[in-house]
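Read in order, the letters of the sequence shown correspond to residues 42 to 236 in the working numbering. Just below is one structure, and these are the notes that go with it.
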Amino acid sequence: IIEARNLFKKYGDLVAVKGVDFSVEPRECFAFLGPNGAGKTTIIRMISCVSPVTSGKLRVDGLDVTRDQRRIKAMLGVVPQTDNIDPDLSVIDNLLVYARYFNLPPKTARQRAEELLALFQLLDRQHSRVDDLSGGMKRRLLIARALLNQPKIIILDEPTGGLDPQARHLVWQKLNYLKSQGTTLLLSTHNMEEA
Ligand code: ATP
């Protein structure tokens with residue numbers, strides 16, 4: 042479902058990604074394991090169509106990232122490394138505002154948001170300010186938000202970085218559930234246990 046051949050990314054003279062090949066099968070959980078600066082985020086940004094490929098081939102579900110950005114973005118859910126949740130909005134409003142990017146009718150958006158909050162054990166915090174959530178709760182909210190458009194593929198950049206073991210296990214448990222439902226997972230990590 043994702044295929045890279047001889048993938049390169051250069052920032053000026055710096056070669057951030059040097060001739061990488063990989064294939065991700067549908068419904069599998071695929072992880073990039075590597076130290077800080079290895080190029081994991083850079084590859085994720087190229088797959089997500091937010092950073093152009095310097096050279097090589099990169100296809101998502103048969104579509105070329107240099108040509109079919111809109112169609113690719115529509116099938117992806119992306120959980121970034123840094124939390125970019127809006128602190129001025131409540132938990133549920135963060136999801137409802139995000140749902141507008143996908144033109145979801147308001148009723149569908151609310152129903153889906155509530156289902157996702159329930160799945161990620163945040164329903165009782167739906168009216169909380171985001172600033173009042175713990176780090177683990179914010180991470181779960183970020184993942185819930187990435188699932189609003191029912192993506193075929195979910196991409197997670199260090200999904201459990203900075204979380205305690207219990208919070209980490211809860212995230213893993215939810216990711217396992219998504220995999221069992223047929224979602225393809227692609228994640229980056231420098232945690233060997235997570236990989
Ligand atoms: P981490 O585990 O710390 O997130 P990473 O494996 O995700 O690391 P990248 O963030 O992809 O690594 O960075 C790979 C290399 O590309 C690094 O040397 C980094 O400094 C460089 N780099 C990343 N983004 C840019 C940018 N926008 N401009 C210039 N150089 C960049």
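Glycine residues also receive a C-beta, built at the ideal position from the N, C-alpha and C atoms.
Own chain partners of residue i with C-beta closer than 8 Å, once the 5 adjacent residues on each side are dropped
i           : result
residue 131 : 167, 168, 169, 170, 171
residue 192 : 116, 117, 118, 224
residue 114 : 89, 90
Beta-carbon proximity list for residue i, same chain, < 6 Å, skipping 5 on both sides
i           : result
residue 190 : 143
residue 188 : 118, 157
Buried versus exposed call for residue i [16 or more other C-beta atoms within 10 Å across all chains shown]
i           : result
residue 52  : exposed
residue 50  : buried
residue 200 : buried
residue 81  : buried
residue 101 : buried
residue 111 : exposed
Residue i and residue j closer than 8 Å at C-beta
i           : j           : result
residue 83  : residue 45  : no
residue 76  : residue 42  : no
residue 175 : residue 198 : no
residue 227 : residue 194 : yes
residue 124 : residue 74  : no
residue 186 : residue 104 : no
residue 126 : residue 179 : yes
Reduced DSSP category for residue i - H, G, I as helix; E, B as strand; rest coil
i           : result
residue 170 : strand
residue 79  : coil
residue 205 : coil
residue 59  : strand
residue 230 : strand
residue 44  : strand
residue 149 : helix
residue 126 : coil
Chain-order list of residues whose beta-carbon lies under 7 Å from that of residue i (same chain, five-residue window excluded)
i           : result
residue 155 : 164
Can you pull every residue whose C-beta falls closer than 5 Å to some heavy atom of the ligand ATP, listed in chain order? Qualifying residues come out as 52, 57, 77, 78, 79, 80, 81, 82, 83.
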